[in-house]
Every structure is written in C-alpha cells, then in structure tokens.
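So for the sequence shown, my numbering puts the first residue at 131; every next one is plus one.
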Amino acid sequence: MAAKDRIQAIKQMVANDKKVVVSHLSSIFQVTEETIRRDLEKLEDECFLTRTYGGAVLNTTALSDNIHFYKRAKSFFDEKETIARNAFQFIKN
C-alpha cells in the first residue's frame, strides 16, 4: 500500500474510532512501527490528531481550516520571503 493510501486509511480509522494504537496499525498495514509513527507525525502536523504514548487521538479542538498561527507562519516560508523582498522595493524610506 502506498504511503498516501495508508495515511488516508489511518485518517479514516482515527475519525471513526477517535483513537488508534501504533502496534495495531503496524500489524494492519504490515509496516514498521516507526513508519506508523512518521505517518502519525504528518497527521499531527496537519492538526488532524494528537499523538500520545503508543498511539494517537482525534484532535477535536483544532479544525483543519483553523491551523495554529505558528504552523501557518512556517508554511510557504520561502514564497512569503520572496513576496516580502519584492514588496520592499516599493516602500519609501
């Protein structure tokens, strides 16, 4: 199973069950626990879930369109820096 498909399946499981366990996911998808941890880390970065010891729980407090300010600030950093550099030339001292 491709990583994208596995992550989608994990999202579905978390949405249905409200929690998942790393060892259980590892056996279901026939991948290492470290692979599952990396998948859960990606989903945590998306504010979809919160990782816990040995698993993860659905993040009910943060909606996907309400990403934390600092995570939004870090996203597309290079593009934002390019825009700022280009805009700087129009600012008068």
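Note that the Cβ used here is the ideal one computed from N, Cα and C, for glycine as well.
Under the three-state reduction of DSSP, A217 is assigned to helix. In the displayed model, A186 falls within a strand according to three-state DSSP. Ranked by how close their Cα comes to the Cα of E176, the residues F220, Q219 and T191 have T191 in first place.
T180 is bridged by DSSP to V187.
In this chain, the beta strand (DSSP E) harbouring K149 covers K149 to V151.
DSSP places K222 in the coil class of the three-state scheme, outside both helix and strand.
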